[in-house]
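Below: one structure, written as structure tokens.
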Amino acid sequence: MVEIAPENENSFSSRVFIHDYPNNSRIEARYISNGRLYISYYNIIAVGNYPSIQRLTKKYQNSTFQYPIPNDYIVETELFEWSLKCETKYITDSKVCYTINWKEGRVDWNISSTKSSTAVTNLFLQKINQNRSTKLSGPCLFGFDIEPLYNFRLQIGLQPVIKDNNRRKRPLEKISSRSQQNKRLNSFGRDVQKAIDELIIKHKLTNLSGEPIVHLCYIELDYKEDQQAYIKFKNPNNSSAIQTRVDAIVRICDEAVLGRDGYRNLAAVVPTLFREYLIANRQNEMNELMNMQIHIGIFNIDNEINNQSNIDNNINNNVNDILVDDHEIENGAFRSILDILKILIPIWKAGQNPVIFPGDTLYIKIGGDGRNVGRRQNHVMITFCLLNEKKEVLKPDHQYCICLYIGHENYKDLAKVDQLFQDQLFDLKNSGIIDQDGVNWPVELFFCGDWKFMYIIMGTNAQNSKYFYLYCNCKASLRWDMNKIWNNTENTRCERKSPLFPAINQKNYIPDELHLFLRISDVLMECLFADLIKKKEFQKQIKPAVELAFKNIKVHFKFFQSGKNWNWTSLMGPDKKKTLKEFSVSQFIPDIRGEDIEKLWREFYRLYTILHKEYLSDQEIDQFEIDTQNWICTFYRPTQGHMNSGTQIPDLYRKDDVTPYMHVFAKHVPQFMRQLKEIGLSLQTFSTSSIEKKNHNHVCLFFGGTTMGGGTDGKSVVYNIMSFENHQLFYLINNTPKKIIARNIDVNNKES
1 MVEIAPENEN SFSSRVFIHD YPNNSRIEAR YISNGRLYIS YYNIIAVGNY
51 PSIQRLTKKY QNSTFQYPIP NDYIVETELF EWSLKCETKY ITDSKVCYTI
101 NWKEGRVDWN ISSTKSSTAV TNLFLQKINQ NRSTKLSGPC LFGFDIEPLY
151 NFRLQIGLQP VIKDNNRRKR PLEKISSRSQ QNKRLNSFGR DVQKAIDELI
201 IKHKLTNLSG EPIVHLCYIE LDYKEDQQAY IKFKNPNNSS AIQTRVDAIV
251 RICDEAVLGR DGYRNLAAVV PTLFREYLIA NRQNEMNELM NMQIHIGIFN
301 IDNEINNQSN IDNNINNNVN DILVDDHEIE NGAFRSILDI LKILIPIWKA
351 GQNPVIFPGD TLYIKIGGDG RNVGRRQNHV MITFCLLNEK KEVLKPDHQY
401 CICLYIGHEN YKDLAKVDQL FQDQLFDLKN SGIIDQDGVN WPVELFFCGD
451 WKFMYIIMGT NAQNSKYFYL YCNCKASLRW DMNKIWNNTE NTRCERKSPL
501 FPAINQKNYI PDELHLFLRI SDVLMECLFA DLIKKKEFQK QIKPAVELAF
551 KNIKVHFKFF QSGKNWNWTS LMGPDKKKTL KEFSVSQFIP DIRGEDIEKL
601 WREFYRLYTI LHKEYLSDQE IDQFEIDTQN WICTFYRPTQ GHMNSGTQIP
651 DLYRKDDVTP YMHVFAKHVP QFMRQLKEIG LSLQTFSTSS IEKKNHNHVC
701 LFFGGTTMGG GTDGKSVVYN IMSFENHQLF YLINNTPKKI IARNIDVNNK
751 ES
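Residue 683 in the UniProt record's numbering sits at position 683 of the sequence shown, with consecutive numbering throughout.
Here it is as structure tokens:
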């Protein structure tokens, strides 16, 4: 037996209970008043349960607690030698019927009330002609204060009220009709909605005015092994939240390369996702909204583009966007730089950390990249970015595509692209751009690309000509000479074509730091491997040792034969950096020559990290210039000292091994570093890595075969890519989230 005694005035009950419930249904209650002991006995016939929406006993002056009233509760007790059976039954969610049953002789009597347990107790006292001065507590008579029963019901959990008409309902499992099942679930959902609304108020999930700030969206029910039921609830304040979720899903589908078929299949197994047609419709709405602000024009790269004024009018008026005849193939698309800037400038100058301020010059870098799409097709992209954003321009989504076409990187095709933007670029250079607030922003234009793209745009010769350098008149055979001074001017010795994008000044064609690093590191590796491959023991001893050395620095590398020649794994940028920094060259080239080549690798890595810094002092740039020229001289160092003497210093490589990129690295990069420093920029931001990444993403998404499921809308692939680019601006303008924050609460985990 267990005795529960009140510890203080705030205890659950003023009575003491002696019980072994639920093992024994009999409970003894003891109460002391004015030194007199009162004992009551209860026999629990049905313990009942607490409904999810429960009524409480009335609060009296001397009563500390309001006790919850159970449903379907039946208890036997004694009063004045009368054997009583007390019952409670919820008629509705807010009304309880209290009943007292007793016997007089062979006659059964009962009396009921819906007011309170005390009210029905008083009616009973009147019925048996008890003295009117007798006072009796209804909650005590019914045993609402019996704490062991209270705790037991809490373990059962809150239960819904089952009305009499509900008792006649068939179990859901016996209903075979799908419509009848849906009706049952619909009715269930309405009751849940009502119960949840009351619980929200009860738990004060509200604002200061008492209005709910949380709303029930849907509930998920597991039904059988392979079925689920989702009950949706109407939320009048949820339309904007739904729109945000739809936009977020469209964004994820765009950026995760998830086509319509892929999303449709995903939604089939995750029913809470929006239907695919809603996502497709929203994509079309975005296209229409953005096309009104940033128009997409299409053209045929195989035809001449002559009438620049008509092109500009078409862009500005947003009409007649197709610059091809009906029978021609649309293989090029473009967007106005001015239109894109009008969208971006308000974003750049807003927020807590604006990128630009009134009076600033907009430093706009134009760049380009070509990429193979299969064996017979090339994809060329032209972009621009705002260099004022500093490191952010190294991210693909901060490169804004203005033109792309299916074709080649050649002068003929790029000259047609020049026709699309020539007047716009001159307007930006000469007049700047006026934003929606009337602020005039001066503009300075730059261009950056790999060597091939640069010499095409600048109109110079290819690398196999006698004079082909981009920034000086250096003869190809003298590129190794570090004693000559070559200023950043232009190449006047070669047979030049008219430069494309003539609005860009010669001094603002900046070399790409990425390809400087890649091509020079390629030369260092080629020179090393050429020495190793010549050795007789290469295949059996050196090859596996080199591959193991790469494995030790966690770089995947293999030699392989291509015909009679040896080739090796082409390393990506991060692996090349690790190789220059950690690979042990001296392990494979003996004596001082191996040590010097290893120092050559380490020194180039150090110089590149300096070049890649965001800020450099004048002294650091001067020292960088000295160190790069010394590095070139060390690279082509001849044999020094007497042959076979102890003081002989062996040669490293030949003068002919010095490449054009090395010449630019030593002779021109320091000058560009000084030029950019004057306007608060650095070579770090002049990298094609972000353009190449954007181009790669487009090729994967739109030329990937199966990723574009869902049929065709009759538009060319370049038009669809430009629509994709417009989507990115839509997300930027509207702050479309990449994720929706949700709290996962596990009611089975008390700590969550």
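Here a beta-carbon is modelled for each residue, glycine too, at the ideal position from N, C-alpha and C.
Between the CA atoms of residue j and residue i - distance to the nearest angstrom
i	j	result
Ile196	Leu216	8 Å
Glu582	Phe604	12 Å
Lys89	Tyr223	31 Å
Glu389	Ile201	48 Å
Val373	Gln640	50 Å
Pro212	Phe233	15 Å
Leu518	Asp369	16 Å
Gly143	Ile231	39 Å
Ile520	Met292	46 Å
Arg106	Asn43	22 Å
Phe446	Glu490	15 Å
Asn749	Gln155	16 Å
Pro574	Phe624	23 Å
Trp631	Asn483	13 Å
Trp82	Trp102	7 Å
Gln243	Tyr277	14 Å
Val270	Lys693	32 Å
Ile32	Tyr38	6 Å
Gly438	Leu386	20 Å
Asn300	Arg376	18 Å
Ser690	Phe702	18 Å
Ile364	Trp566	44 Å
Ile457	Asn744	55 Å
residue 782	Thr77	Here the chain has residues from 1 to 752 only, and residue 782 is not among them.
Leu79	Ile100	12 Å
Pro366	Asp435	The amino acid occupying residue 366 in the given sequence is Ile; Pro does not appear at that position. About 20 Å.
Gly138	Ser209	37 Å
First and last residue of the uninterrupted alpha helix (DSSP H) at residue i
i	result
Gly138	Gly138 to Phe142
Ile741	That residue, Ile741, is in no alpha helix (DSSP H); it is neither H nor E in DSSP.
Ile156	Glu147 to Ile156
Val669	Val669 to Lys677
Lys578	Gly573 to Glu582
residue 754	Because the chain here runs from 1 to 752, residue 754 falls outside it and cannot be looked at.
His19	That residue, His19, is in no alpha helix (DSSP H); its beta strand (DSSP E) goes Val16 to His19.
Glu495	Careful: Glu495 lies outside any alpha helix (DSSP H) and carries neither H nor E.
residue 822	The requested residue 822 is not part of the displayed model; the chain covers only 1 to 752.
Residues of its chain near residue i, where Cβ-Cβ distance is below 6 Å and the 5 sequence neighbours each way are ignored
i	result
Asp339	Ile294
residue 768	Here the chain covers residues 1 to 752 and nothing more, so residue 768 does not appear.
Ile610	Phe624
Residue span of the beta strand (DSSP E) that contains residue i, given as start and end
i	result
Asn378	Gln377 to Leu386
Lys507	Per DSSP, Lys507 belongs to no beta strand (DSSP E) and is neither H nor E.
Ile44	Arg36 to Ala46
Arg30	Arg26 to Ser33
Asn303	Looking at the DSSP string, Asn303 is not in any beta strand (DSSP E), and its letter there is neither H nor E.
Asn291	Counting along the chain, Asn291 falls outside any beta strand (DSSP E), though it belongs to the alpha helix (DSSP H) covering Glu276 to Gln293.
Gln561	Phe559 to Ser562
Lys232	Gln227 to Lys232
Expected contact under 8 Å - CB spacing of residue i and residue j to nearest Å
i	j	result
Val669	Pro511	7 Å
Leu221	Val214	So it is not a contact: roughly 20 Å between Cβ atoms.
Ile296	Arg335	6 Å
Arg275	Val246	Not confirmed; about 10 Å, so no contact.
7 Å Cβ shell around residue i - same chain, five flanking residues per side excluded
i	result
Cys253	Tyr263 and Ile279
Asn552	none
Asp651	Arg637, Pro638 and Thr639
Ser113	Tyr98, Ala119, Val120 and Leu123
8 Å Cβ shell around residue i - same chain, five flanking residues per side excluded
i	result
Ala248	Thr736, Pro737, Lys738, Lys739 and Ile740
Gly594	Val585, Ser586, Gln587 and Phe588
Phe468	Tyr455, Thr460, Asn461, Ala462, Ala476, Asn491, Cys494 and Pro660
His612	Glu513, Leu683 and Gln684
Any C-beta of chain D under 8 Å from that of residue i
i	result
Lys655	In the structure shown, chain D cannot be found, because there is only a single protein chain.
| query | Can you find at least 3 beta carbon pairs, one from the segment 354-362 and one from the segment 399-411, that sit closer than 8 Å? | reply | no
| field | Cβ pair count under 8 Å reaching 3, the segment 112-120 against the segment 11-21 | value | Segments in contact, no.
| task | Decide yes or no for the touch test of the segment 593-601 against the segment 543-558: beta carbon pairs closer than 8 Å, at least 3 of them. | result | no
| query | Below 8 Å, can you find three or more Cβ-Cβ pairs linking the segment 82-100 to the segment 66-74? | reply | yes
| For the segment 653-673 against the segment 472-487, are there 3 or more C-beta pairs whose distance is under 8 Å? | yes
| said: Any contact between the segment 499-508 and the segment 521-528? By contact I mean 3 or more CB pairs, one from each, below 8 Å. | reply: no
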